[in-house]
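Asks:
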Amino acid sequence: MYGLINKAIHDFVLDQFDQATWDRITERAGIPGKVFEPMEQYPDAETYTLVASASDVLNMDPEDILSGFGHYWVIYTGIHGYGDLMKSSGSSFEEFVSNLDQLHTRVGLAFNDLKPPSFKIKREDVGTLLVTYTSERPGLVPLVEGLFHGLAERFGQSIEIEHLGPGQGEHDELFRITVLEEPDPDKAIDSVTAGCPFTPDAKTE
Ligand code: HEM
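To convert a position in the sequence shown, counted from 1, into my numbering, add 10.
(1) Cα separation between L124 and F22?
(2) Just checking Y58 against the ligand HEM - is the residue's beta carbon closer than 6 Å to any of the ligand's heavy atoms?
(3) Could you check the C-alpha separation between D179 and S145 for me, to the nearest Å?
(4) Go to W176, then tell me how far its beta strand (DSSP E) extends in each direction, as first and last residue.
(5) Is the beta carbon of A198 closer than 7 Å to that of F165?
(6) What separation, rounded to the nearest whole angstrom, lies between the Cα atoms of H159 and H81?
(7) What separation, rounded to the nearest whole angstrom, lies between the Cα atoms of V141 and T59?
(8) When the Cα atoms are used, what is the spatial distance from E170 to I187?
(9) What I want to know is whether the C-beta of T82 ends up closer than 6 Å to one or more non-hydrogen atoms of the ligand HEM.
(10) Just list the residues that DSSP pairs I131 with in beta bridges.
(11) Helix, strand or coil: which one does DSSP assign to R116?
(12) Closer than 6 Å to a non-hydrogen atom of the ligand HEM - does that hold for the CB of F103?
(13) How should K132 be labelled, buried or exposed, when 16 other C-beta atoms within 10 angstroms of its C-beta is the threshold for buried?
(14) Helix, strand or coil for Y58, going by three-state DSSP, please let me know.
(15) To the nearest whole angstrom, what separates the beta carbons of V84 and P72, a pair I think is in contact under 8 Å?
(16) Tell me, please, which residues DSSP counts as bridged to V189.
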């Protein structure tokens, strides 16, 4: 995966904990002091090992780490050079999820070897969506759930997620998502209201 992801995991740990915790995580992962460059590619195994090591060091379930990171990622990308892309991808949870494939296609213009996930959305009923997540990478359902919750908060909405299990395709996972509220700008959580330590227009790439 591109280093952008691993670097965000580093920033997530520093934001929630401290440098010493990150050092323990990289040591346990067998990559002490490793610095990740956003535009360089690293083996997926390194990302999975980082999550497993974080789970050991922090004594947290890996699922909780993935879901917390997914939540963080929505804010992170908004302030690390991708704010315009995030803004132009929709103004409600449903609209944004419908545009996720397009968003990653645009990301792929800069990251040539991107192997992005795919999200297909179908309205089942008023306020109920069936979302198919497709990825060859295993074990990332909790990440996707955290991302969905982060996206809903971005628009001041709340959602309930039911993971229905594998879908029809070999690499499909199916979710039923109930959208409980309309978008509400007064409740929307952006980088500033989230109390994120980074400045809104900080760019690290
Ligand atoms: C502008 C914002 C975003 C950027 C720049 C971005 C970029 C990326 C990058 C670089 C990867 C690694 C893929 C690779 O290296 O092959 C990735 C993976 C991923 N992205 Fe995004 N992304 C963004 C927003 C989102 C959002 C809002 C979601 C919400 C669902 C999302 C879902 C995922 C997932 C689940 C993966 C893991 C890879 C997989 O499932 O196979 N991304 N993204």
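Quick reminder that beta carbons are idealized off the backbone N, C-alpha and C, glycines included.
Replies: According to the structure shown:
(1) Along the sequence shown, one-based indexing puts residue 124 at 114. Along the sequence shown, one-based indexing puts residue 22 at 12. Answer to the nearest angstrom: the Cα atoms are 22 Å apart.
(2) Translated into the one-based positions of the sequence shown, residue 58 becomes position 48. No - the ligand HEM has no heavy atom lying nearer than 6 Å to the Cβ of Y58.
(3) Mapped onto the sequence shown, residue 179 falls at position 169. Mapped onto the sequence shown, residue 145 falls at position 135. The sequence given here places Gly at residue 179; Asp does not occur at that position. Rounded to whole angstroms, G179 to S145 spans 10 Å at the Cα level.
(4) By one-based count along the sequence shown, residue 176 stands at place 166. Inspection of the sequence shows that residue 176 is occupied by Pro rather than by Trp. Start and end: I169 to P176.
(5) Looking up residue 165 in the sequence shown gives position 155. Looking up residue 198 in the sequence shown gives position 188. Result yes, Cβ atoms of F165 and A198 sit closer than 7 Å.
(6) Residue mapping note: residue 159 aligns to position 149 of the sequence shown, counting from 1. Residue mapping note: residue 81 aligns to position 71 of the sequence shown, counting from 1. If I take the Cα positions, the gap works out to 6 Å.
(7) Locating residue 141 in the sequence shown gives position 131, counting from the first residue. Locating residue 59 in the sequence shown gives position 49, counting from the first residue. Near 28 Å, if we compare the C-alpha coordinates of T59 and V141.
(8) Mapped onto the sequence shown, residue 170 falls at position 160. Mapped onto the sequence shown, residue 187 falls at position 177. Cα to Cα, E170 sits roughly 6 Å from I187.
(9) By one-based count along the sequence shown, residue 82 stands at place 72. Checking the displayed sequence, the identity of residue 82 turns out to be Tyr instead of Thr. Because no heavy atom of the ligand HEM lies under 6 Å away, the Cβ of Y82 does not count as near it: no.
(10) Taking the first residue of the sequence shown as position 1, residue 131 is located at position 121. By DSSP's assignment, I131 forms a beta bridge with V141.
(11) On the sequence shown, residue 116 is found 106 positions in, with the first residue counted as 1. Here R116 sits in helix by DSSP.
(12) Counting from 1 along the sequence shown, the entry for residue 103 is found at position 93. It does not: the Cβ of F103 is nowhere closer than 6 Å to a heavy atom of the ligand HEM.
(13) Taking the sequence shown and counting its residues from 1, the one referred to as residue 132 is at position 122. Per the 10 Å Cβ criterion, exposed.
(14) Looking up residue 58 in the sequence shown gives position 48. Of the three classes helix, strand and coil, the one that applies to Y58 here is helix, per DSSP.
(15) Taking the first residue of the sequence shown as 1, we reach residue 84 at position 74. Taking the first residue of the sequence shown as 1, we reach residue 72 at position 62. V84 to P72, Cβ: 20 Å. No contact.
(16) Counting from 1 along the sequence shown, the entry for residue 189 is found at position 179. Bridge partners of V189: I169.
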